[in-house]
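Undergrad: Here it is, the structure, as C-alpha cells.
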Amino acid sequence: MKSFMLPEFSVQRDYERCISCQVCVNQCTYDVHYYDEEDDQVKSREENCVGCLRCATLCPTKALKIIPNPASFRENDHWTRESIQAVKMQAESGGVILTGMGCDKPQYTYWDRIVLNASQVTNPSIDPLREPMEIRTFLGKKPKELSILAGSGYYSLRTELSPQLRLETPIMFTAISYGAVSFNVHESLARAAMDSGTYFNTGEGGLDKRLYRYGRHAIVQVASGRFGVDPDYLEVGAAVEIKIGQGAKPGIGGHLPGEKVSRDISRTRMIPQGTDALSPAPQHDIYSIEDLSQLIHAIKEATGYAKPVSVKIAAVHNSAAIASGMVRAGADIIALDGIRGSTGAAPKIIRDNVGIPIELALASVDRRLREEGIRNEASVVVAGGIRNSADVVKAIALGADAVYIGTAALIAIGCTVCQKCYTGKCPWGIATTDPWISKRVNPAIASKRLSNLLRAWSLEIKEMMGGMGVNSIESLRGNREMLRGVGLTDRELEILGIRHAGE
Amino acid sequence: MQASNPFSGAGTLETRVRRIGEGFFEVDAGGLHSRELNGILRRLDRGGIHKVRLVNVEGQRYIGTGLRNIKDIEVHGTPGNDLGAFMKGPRITVYGNAQDGCGNTMNGGEIVIHGSAGDILGYAMRGGKIMVRGDIGYRGGIHMKEYRSLRPIIVVGGSIGDFLGEYMAGGMIAILGLNLDEGGIHEARYVGTGMHGGVIYIHGGVKHKGREVVELELDAEDRAILRELIVEFSNHFKFDPQVILNREYHKLLPLSRRPYGQLYAY
Numbered sequence: 179m180k181s182f183m184l185p186e187f188s189v190q191r192d193y194e195r196c197i198s199c200q201v202c203v204n205q206c207t208y209d210v211h212y213y214d215e216e217d218d219q220v221k222s223r224e225e226n227c228v229g230c231l232r233c234a235t236l237c238p239t240k241a242l243k244i245i246p247n248p249a250s251f252r253e254n255d256h257w258t259r260e261s262i263q264a265v266k267m268q269a270e271s272g273g274v275i276l277t278g279m280g281c282d283k284p285q286y287t288y289w290d291r292i293v294l295n296a297s298q299v300t301n302p303s304i305d306p307l308r309e310p311m312e313i314r315t316f317l318g319k320k321p322k323e324l325s326i327l328a329g330s331g332y333y334s335l336r337t338e339l340s341p342q343l344r345l346e347t348p349i350m351f352t353a354i355s356y357g358a359v360s361f362n363v364h365e366s367l368a369r370a371a372m373d374s375g376t377y378f379n380t381g382e383g384g385l386d387k388r389l390y391r392y393g394r395h396a397i398v399q400v401a402s403g404r405f406g407v408d409p410d411y412l413e414v415g416a417a418v419e420i421k422i423g424q425g426a427k428p429g430i431g432g433h434l435p436g437e438k439v440s441r442d443i444s445r446t447r448m449i450p451q452g453t454d455a456l457s458p459a460p461q462h463d464i465y466s467i468e469d470l471s472q473l474i475h476a477i478k479e480a481t482g483y484a485k486p487v488s489v490k491i492a493a494v495h496n497s498a499a500i501a502s503g504m505v506r507a508g509a510d511i512i513a514l515d516g517i518r519g520s521t522g523a524a525p526k527i528i529r530d531n532v533g534i535p536i537e538l539a540l541a542s543v544d545r546r547l548r549e550e551g552i553r554n555e556a557s558v559v560v561a562g563g564i565r566n567s568a569d570v571v572k573a574i575a576l577g578a579d580a581v582y583i584g585t586a587a588l589i590a591i592g593c594t595v596c597q598k599c600y601t602g603k604c605p606w607g608i609a610t611t612d613p614w615i616s617k618r619v620n621p622a623i624a625s626k627r628l629s630n631l632l633r634a635w636s637l638e639i640k641e642m643m644g645g646m647g648v649n650s651i652e653s654l655r656g657n658r659e660m661l662r663g664v665g666l667t668d669r670e671l672e673i674l675g676i677r678h679a680g681e
Numbered sequence: 004m005q006a007s008n009p010f011s012g013a014g015t016l017e018t019r020v021r022r023i024g025e026g027f028f029e030v031d032a033g034g035l036h037s038r039e040l041n042g043i044l045r046r047l048d049r050g051g052i053h054k055v056r057l058v059n060v061e062g063q064r065y066i067g068t069g070l071r072n073i074k075d076i077e078v079h080g081t082p083g084n085d086l087g088a089f090m091k092g093p094r095i096t097v098y099g100n101a102q103d104g105c106g107n108t109m110n111g112g113e114i115v116i117h118g119s120a121g122d123i124l125g126y127a128m129r130g131g132k133i134m135v136r137g138d139i140g141y142r143g144g145i146h147m148k149e150y151r152s153l154r155p156i157i158v159v160g161g162s163i164g165d166f167l168g169e170y171m172a173g174g175m176i177a178i179l180g181l182n183l184d185e186g187g188i189h190e191a192r193y194v195g196t197g198m199h200g201g202v203i204y205i206h207g208g209v210k211h212k213g214r215e216v217v218e219l220e221l222d223a224e225d226r227a228i229l230r231e232l233i234v235e236f237s238n239h240f241k242f243d244p245q246v247i248l249n250r251e252y253h254k255l256l257p258l259s260r261r262p263y264g265q266l267y268a269y
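Those protein sequences? They're chains X and U, same order as listed. Under the working numbering, the residues of the first sequence are numbered 179 to 681, in order. Under the working numbering, the residues of the second sequence are numbered 4 to 269, in order.
Listed below in C-alpha cells is the structure:
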C-alpha cells in the first residue's frame, strides 16, 4: 500500500559547515543520516526522523537543524497535523497508535494558573542562605497523638511509630521499569537517589541484582505481572509500592514486547528471554478495597511490618473516594499519578483522554482525607507532569507530602521528549535495552546531572518558602493560603480549595 | 480488614505453643488474629524450629508468608486467603479446604491441600508446587511464569473454574478431573486465554477455551512428566496411581509466545 504520510521533520544540513565526519550517521538509530560515497556527502532520509535532536546536539560543526516539517499536512484549528497523520497511519496499518512520554495537550495544566504568595511588610520573609530551612520529609503513617512517658529526669515515647521513609528533599524518582529504560538509567537513578538522600522507584520490572546495594533507597514495585517479585526483592527495598494504575494509561495494562526482553531483562523480570512481558489491566487478586487490604497485609507479613507500603493509582473521577478506601485498607503512602503521567508505551488515545489533572485530584483527595480525619494515616505523593520546583511547591501547598518526577529526571540525562520511547531505539540511550545504545548513558555522569537537578530544585524550594515566611516544609503542606488562582472558574477554585488572585 | 489493635487477643507463645518433639511445635490458632498467629510463626521461624503443627485454624490469612527456616507446616482446620503468599521455603499440608489466593506469587516450597481451594490459586506463581485433592475456583494458575530452574507446578485432582491459566507464561498445570464421568467435561470457559508459555495437561474437555491455545496429544516426554506428577499426587492423597494413569489426557499449549504483537501501529 502506498503510504500517504508526510515526514514530520525537515532535516536541514548546512553543507558549508558539514565536514562529513559522520557523527550523525553513527548516532542516529533511526537510519536518517547516511554517507553517500559517490557524492562524498552525508545525506538524510528525513521521513525516518523522530526529532530527537541527538544529531544536532552532537554535530561538532553545528551543521544540522531539525525543524518541524513546514510542508507537512495542511492543518486547521480542528484538523491538526497530528489528527490528520493519525487517521492516515491507522488507515494504513489498522493498529492502535502507540506513543511515549506524558500527555502533550495544553488544556490540562493547572500549575500555570496558580501563583504563590510572598511576605511583604506585615510578616517577615526568611533568607534561606543564612537561616535554617527544613525540607526533610517523612513518608508513612503518622500517629494521631503521641503518648509520652515522663520519668524522673527523662522522657520516652510510648507511641509505637510506623515505619517511615526519610527524604532529604520532597522529590523522588518515579516508577520507571528496567526494560522500559536501560540498566544504565536505572543505575543512574539509584545512585542519584542515594547521593541526594531520596528514593527511586524500581517500576514493575524488578530490580537487577547488581543494584541491590541501592536497596535502601529503592521503592520496589509490585504490579499485576509480579515481574521479579520474590521475597528477596521485597526484603531489599525501603518500601513496597502496589501499582494499581498509571496516569498515562489508567485502566489498561502494559506489554513489554518480547524483543526487548533481553538476557539481562529476562534475569531481572524472571521470565524467559524473548517472551512478551504482559501486565494485565487488573490484578486479579484485587477486585475491592478489602482485597487491596489483603495484598497490602500480605506484603506487610512478607516484610515483617518493617516498611511502609504504598499504593499507586491513576487519578480518575472518583479518586477521592478510592483514596479514602486505600487509606482504610492500610496503605501508608498513596501515590496519585495524573493525566500527564508519563510512560514508555501507551495507546495515544488513552494517554491523551483518560484520567484527570493531578492538581484537581490532589486537592480533592487531600480534602477528603482531612474531612474524614484520616489524613495522618497515609502520606500523599503525586506524580504526572512535575516540571520544576514551583510545581513541587504548589503540589505541597495543595496537600502533597512529596512528588515523584520521571520525565524531568530523564530530561536531565538527555531525553528530548520526542515521544518515541516505545520503539526501543532511543538515540539518547535511555528508553532502550540495546546494549550498544545504552552505553550513551554513563551512570557516573548521569547520576551527577540528576543530583544537580535535585540540588537546584531544593534551593529554589527553600527560596520560595523563605519568601512566604515559612521555614519548614511542614508549614507549607496543605497551606492553600499560599496559593491563588489566575483565570480559573469558581468551580475550579472550589475544587482546588483556593481563592482567586486579588482576593 | 485488619483489627485496629492486632495484639489485643490472647496470643502469647507460652499459652499457645506446645513442644511436640525436637524442633517440632504445635500452635493452637483458635481465636487468634492473622497477625498474631503469623507473629508466633515468625518467632518460631527465627528460633530455628523446623516443623510446626497448627491446630484450630480459623481462616487466618498469610500462613507461611515471610518464613525462612521452618520446613514443614501442618494446617488443621481452614486456613484463610493468601495461604503461602510470596512463600519461598516450607511445605504446607492442609487437612481441610484452602480459600482464595493460595500460593499468591509463590516462589518455592510446596502446598498440599487435602480438600478444595478457592479462586486465583497460584496467581503469578514462579516456583514450587501446589497439589489439590479436590476442585479449584476461578482463574487457577493465572500469570504463572517460569524462569530457569524455577518451574511452578499445580496439580488438581478434581475440576476447575473459568479462566484457568489465563495469561500463563510458564510452568505446568495438570487437571486430573477425577470427578468427571466417562466423556464428562469441566464446566470452565476461557481456559488458557492469553496464555503464552507453559503447558496445561488435562483430563476431559472444557466448555470453552481461549483462542490463544491449541489442544494437542501428549508425546512421550509429556507422559513421563505427567506420570511423575500423578505418582506424587497419588502418594499424597492415597490413590492408586495406575488407575489415574490409565485415563485419557491431552495438553493445551500456547500458539505464540507473543499473542498481542500485532495490535499496534508504529
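We put the CB at the ideal spot given by N, CA and C, even for glycine.
#1: Using only CA atoms, which one of U:Lys212, U:Ala227 and U:Val30 lies nearest to Gln63 of chain U?
#2: Go through its chain and collect everything with a Cβ distance to Gln5 of chain U's Cβ below 6 Å, but skip five positions before and after it.
#3: Determine the DSSP secondary structure at Met372 of chain X, reduced to helix, strand or coil.
#4: Grouping DSSP H, G and I as helix and E and B as strand, with all else coil, what is Tyr286 of chain X?
#5: Taking only the alpha-carbon atoms, compute the straight-line gap between Ser7 of chain U and Ala507 of chain X and give it to the nearest angstrom.
#6: Please list, in chain order, the chain U residues whose beta carbon lies closer than 8 Å to that of Met267 of chain X.
#7: With DSSP collapsed to three states, give me the class of Ser119 of chain U.
#8: Name the one or two DSSP bridge partners that Arg22 of chain U has.
#9: Are any of the Cβ atoms in chain B nearer than 8 Å to that of Ile449 of chain X?
#10: Along the alpha helix (DSSP H) that carries Thr446 of chain X, what are the first and last residues, could you check?
#11: I'd like the list of long-range same chain contacts for Gly329 of chain X, defined as Cβ closer than 8 Å, with 5 residues on each side in sequence excluded.
#12: Within the chosen definition, does the region 460 to 476 of chain X reach the region 107 to 126 of chain U through at least 3 CB pairs nearer than 8 Å?
#13: Decide if Tyr640 of chain X is buried, meaning its Cβ has at least 16 other Cβ atoms within 10 Å, or exposed.
#14: Residues bridged to Lys421 of chain X by DSSP?
#15: Between Asn72 of chain U and chain X, is any beta-carbon pair separated by less than 8 Å?
#16: Just mark Asn84 of chain U as buried or exposed, buried being the case when its beta carbon has 16 or more other beta carbons within 10 Å.
#17: Can you round the beta-carbon distance between Ile163 of chain U and His146 of chain U to whole angstroms, since I take them to be within the 8 Å contact cut?
#18: Measuring CB atoms only, is the region 572 to 579 of chain X touching the region 655 to 670 of chain X, in the sense that at least three cross pairs come out at less than 8 Å?
#19: Taking only beta-carbon positions, decide if Gln472 of chain X is within less than 8 Å of chain U.
#20: Within a Cβ cutoff of 6 Å, which residues of the same chain sit near Arg21 of chain U, ignoring the five residues on either side of it in sequence?
#21: Just curious, the beta strand (DSSP E) that Gly577 of chain X is in, first and last residue?
#22: Using a beta-carbon distance cut-off of less than 7 Å, what residues from the region 77 to 89 of chain U approach chain X?
#23: I want to verify the contact list: residues of chain X whose CB lies under 7 Å from the CB of Thr108 of chain U, in sequence order.
#24: Report the rounded CA-to-CA distance for Gly161 of chain U versus Glu419 of chain X, giving the unit in angstroms.
#25: Cutting at 7 Å between CB atoms, please list the residues of its own chain near Ala498 of chain X, excluding the five before and the five after it.
#26: For my contact list, Thr446 of chain X and Gly384 of chain X are in at a C-beta cut-off of 8 Å; report their separation, rounded to the angstrom.
#27: Kindly confirm or deny that the region 600 to 609 of chain X and the region 344 to 363 of chain X touch, where touching means at least three C-beta pairs closer than 8 Å.
#28: Where does Glu479 of chain X sit, in a helix, a strand or coil, going by DSSP?
#29: So, with DSSP's three-state summary, where would you put His253 of chain U?
#30: According to DSSP, is Ala539 of chain X helix, strand or coil?
#31: Which residues mark the beginning and the end of the alpha helix (DSSP H) in which Lys526 of chain X is found?
#32: Kindly provide the ranges of any beta strand (DSSP E) runs that are 3 or more residues long and lie completely inside the region 67 to 151 of chain U, ordered along the chain.
#33: Just to make sure I have the definition right: I need the residues of chain X whose C-beta is within less than 8 Å of the C-beta of Gly69 of chain U. Which are they?
#34: For His206 of chain U and chain X, any beta-carbon pair shorter than 8 Å?
#35: Alpha carbon to alpha carbon, how far is Gly381 of chain X from Leu153 of chain U?
#36: Within its chain, find whatever has a CB closer than 6 Å to the CB of Tyr213 of chain X; leave out the 5 residues flanking it on each side and keep chain order.
TA: Quick answer:
#1: The residue with the shortest Cα to Cα distance from Gln63 of chain U is U:Val30.
#2: Here Gln5 of chain U scores only 42 on pLDDT, less than 50, and its place in the model should not be relied on; the value that follows carries that caveat. Answer for Gln5 of chain U: no residue qualifies.
#3: Correct three-state label for Met372 of chain X: helix.
#4: Helix, per DSSP.
#5: Caution is warranted here: a pLDDT of 41 is assigned to Ser7 of chain U, below 50, making its placement in the model unreliable, and no coordinate value can be reported.
#6: Chain-ordered, the chain U residues with CB closer than 8 Å to the CB of Met267 of chain X read Ala268.
#7: Of the three classes helix, strand and coil, the one that applies to Ser119 of chain U here is coil, per DSSP.
#8: Answer is U:Phe28.
#9: Looking at the structure shown, chain B is missing, and the protein chains on hand are X and U.
#10: Run containing Thr446 of chain X: Arg441 to Arg447, per the alpha helix (DSSP H) assignment.
#11: Answer for Gly329 of chain X: no residue qualifies.
#12: Between the region 460 to 476 of chain X and the region 107 to 126 of chain U, the count of C-beta pairs closer than 8 Å reaches three or more; the two stretches touch.
#13: Residue identity differs from the one stated: residue 640 of chain X is Lys in this sequence, not Tyr. Per the 10 Å Cβ criterion, buried.
#14: Beta-bridge partners of Lys421 of chain X (DSSP): X:Lys490.
#15: With respect to chain X, the C-beta atom of Asn72 of chain U has no partner C-beta closer than 8 Å.
#16: Around the beta carbon of Asn84 of chain U, a 10 Å sphere encloses 16 or more other beta carbons of the protein chains shown; the residue is thus reported as buried.
#17: Not quite, the Cβ-Cβ distance comes to about 16 Å (not below 8 Å), so this is no contact.
#18: The region 572 to 579 of chain X vs the region 655 to 670 of chain X: in contact.
#19: Yes, Gln472 of chain X counts as interfacial toward chain U.
#20: Answer for Arg21 of chain U: Glu29, listed in chain order.
#21: In the DSSP assignment, Gly577 of chain X falls outside any beta strand (DSSP E), carrying neither H nor E.
#22: Those residues of the region 77 to 89 of chain U that come within reach of chain X (Cβ to Cβ, closer than 7 Å) are Asn84, Asp85, Ala88 and Phe89.
#23: Taking a Cβ-Cβ cut-off of 7 Å, the neighbours of Thr108 of chain U in chain X comprise Arg404 and Val407, given in sequence order.
#24: For the pair Gly161 of chain U and Glu419 of chain X, the Cα-to-Cα distance works out to about 36 Å.
#25: The residues are Ser542, Val543 and Arg546.
#26: Contact between Thr446 of chain X and Gly384 of chain X holds, with the beta-carbon distance rounding to 4 Å and staying under 8 Å.
#27: A contact between stretches requires three or more CB pairs, one per stretch, nearer than 8 Å, and the region 600 to 609 of chain X meets this requirement with the region 344 to 363 of chain X.
#28: Here Glu479 of chain X sits in helix by DSSP.
#29: Three-state result, His253 of chain U: strand.
#30: Collapsing the DSSP output to three states places Ala539 of chain X in a helix.
#31: Note, Lys526 of chain X: alpha helix (DSSP H), Lys526 to Asn531.
#32: Taking only runs of at least 3 residues, the beta strand (DSSP E) segments lying wholly in the region 67 to 151 of chain U are 75 to 81, 94 to 98, 113 to 116 and 132 to 135.
#33: Contact note: Gly69 of chain U reaches chain X through Pro409, Glu479, Ala480, Thr481 and Gly482, using a C-beta cutoff of 8 Å and chain order.
#34: False, the Cβ-Cβ gap to chain X never drops below 8 Å.
#35: The C-alpha of Gly381 of chain X lies about 23 Å from the C-alpha of Leu153 of chain U.
#36: Only Gln200, Val203 and Val220 meet the Cβ criterion.
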